[in-house]
Amino acid sequence: VASEEEKGTATYPHKFEVSSSIPQYLKTYENLKPNEQLNNLNVSIAGRVMGMRAMSKNLRFYDLQADGKSVQVVANLKDFKEKGDNKRDLFLAQHQNIRRGDIIGATGYPGKTKAGELSVFAVNTQLLSPCLRMLPSSKHGHGITHQDTRYRQRYLDLILREKTREIFYTRAKIIAYIRRFLDSRGFLEVETPMLNQMAGGAAAKPFKTWHNDLGIPMFLRIAPELYLKMLIVGGLDRVYEIGRQFRNEGIDMTHNPEFTTCEFYCAYWDYNDLMNVTEEMVSGLVYSLKGSYKVKYTLPPSHSKGA
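Adding 241 to a residue's 1-based position in the sequence shown gives its number in my numbering.
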């Protein structure tokens with residue numbers, strides 16, 4: 242990195258024009274025939290190099306990954322377009338520092354190889370962000386298996402494990418569904434204070450902090466219940482909040498000191514109404530995610546003994 246910066250090369254350029262994401266690119270050009278190339282079109286994509294092969298100094302292949310999908314980039318000297326006296330030297334200089342794990346951008350035209358693999362035939366390639374640490378092997382999709390490493394270096398887990406990415410997307414879909422469900426039934430989403438002078442609404446040990454300006458001790462909330470009930474008293478008959486709670490207690494596979502909850506309240510209902518609505522919400526949520534009311538659930542190792 243330092244040697245390239247001494248030459249005046251921007252090793253971390255601030256912008257690269259992307260015309261299409263990799264999933265969009267794959268969907269747009271999936272119906273091309275083998276060896277069909279649309280060299281009259283111009284596309285640009287960007288992603289992380291997860292694999293690379295050099296057939297010769299003049300022909301290189303990169304497997305580019307982004308948004309959970311990957312596509313091949315073919316960099317051939319005959320397609321290379323760069324102003325200069327020595328085209329070959331410029332081509333080699335452009336590719337000599339690209340390593341596995343780097344983020345690169347490629348501009349070129351769409352097409353398929355003779356073997357039928359959809360690719361981007363690059364006329365120009367740019368190193369956007371060098372990877373300064375070697376990535377673990379992603380062979381067979383198991384780049385890292387040590388649980389502590391996966392949790393502490395979640396970015397690495399996301400790079401190497403598609404299953405982890407799916408969990409992030411599933412979580413976002415769950416929250417979006419709950420919002421739609423409650424909004425459609427006349428509930429109002431609100432935000433209540435995170436910092437409280439009294440930790441109430443549940444029986445749990447709170448995190449304690451200090452308010453410098455007011456000179457008083459305060460607590461991170463353990464539940465939003467009391468404030469939501471105040472809103473009911475104030476005349477907002479249907480309210481809910483999706484937010485973080487903090488409890489200074491034990492940690493295990495299913496308990497974390499900070500976690501997200503959804504609490505909703507409705508005036509004039511009793512526990513039977515709440516049971517019915519909760520059942521409808523959860524069953525509808527499962528069906529929207531899985532297309533079925535039946536799901537396969539595997540107990541974590543810590544809960545499997547004696548189950």
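Glycine included, every Cβ here is placed at the ideal spot set by N, Cα and C. As the structure is a computational prediction, the values presented were derived from the model and not from experiment.
- Per DSSP, I344 is one residue of the beta strand (DSSP E) stretching across 344-353.
- In the pairwise beta carbon analysis, the region 515-525 is classified as not touching the region 457-475: fewer than three pairs are separated by under 8 angstroms.
- Scanning its chain for C-beta atoms nearer than 6 angstroms, with the 5 sequence neighbours on each side dropped, one finds around M291 the residues D304, Q306, in chain order.
- Approximately 15 angstroms separates the beta-carbon atoms of A356 and V314; this is outside 8 angstroms, ruling out the contact.
- Between the region 404-412 and the region 427-443, the count of Cβ pairs shorter than 8 angstroms is below three; the stretches do not touch.
- By the Cβ test, the region 336-343 is in contact with the region 368-376, since at least three Cβ pairs between them sit closer than 8 angstroms.
- Per the C-alpha coordinates, the member of T411, L399, L467, Q337 positioned closest to N437 is L467.
- Around the beta-carbon of F500, fewer than 16 other beta-carbon atoms lie within 10 Å, marking it exposed.
- For S529, same chain residues with a beta-carbon under 8 angstroms away, outside a window of 5 residues either side, are K414, Y418 in chain order.
- Residue environment: Y534 is assigned as exposed (fewer than 16 neighbouring CB atoms within 10 Å of its CB, all protein chains considered).
- DSSP places N317 inside the beta strand (DSSP E), whose first and last residues are 310-317.
- A direct Cα-to-Cα measurement between E490 and I457 gives close to 23 angstroms.
- The region 266-343 is shown to contain whole beta strand (DSSP E) runs of 3 or more residues at 284-297, 300-307, 310-317, in chain order.
- Here Q486 carries a strand assignment [DSSP, helix/strand/coil].
- Fully contained in the region 508-532 are the following alpha helix (DSSP H) runs of length 4 or more, in chain order: 512-531.
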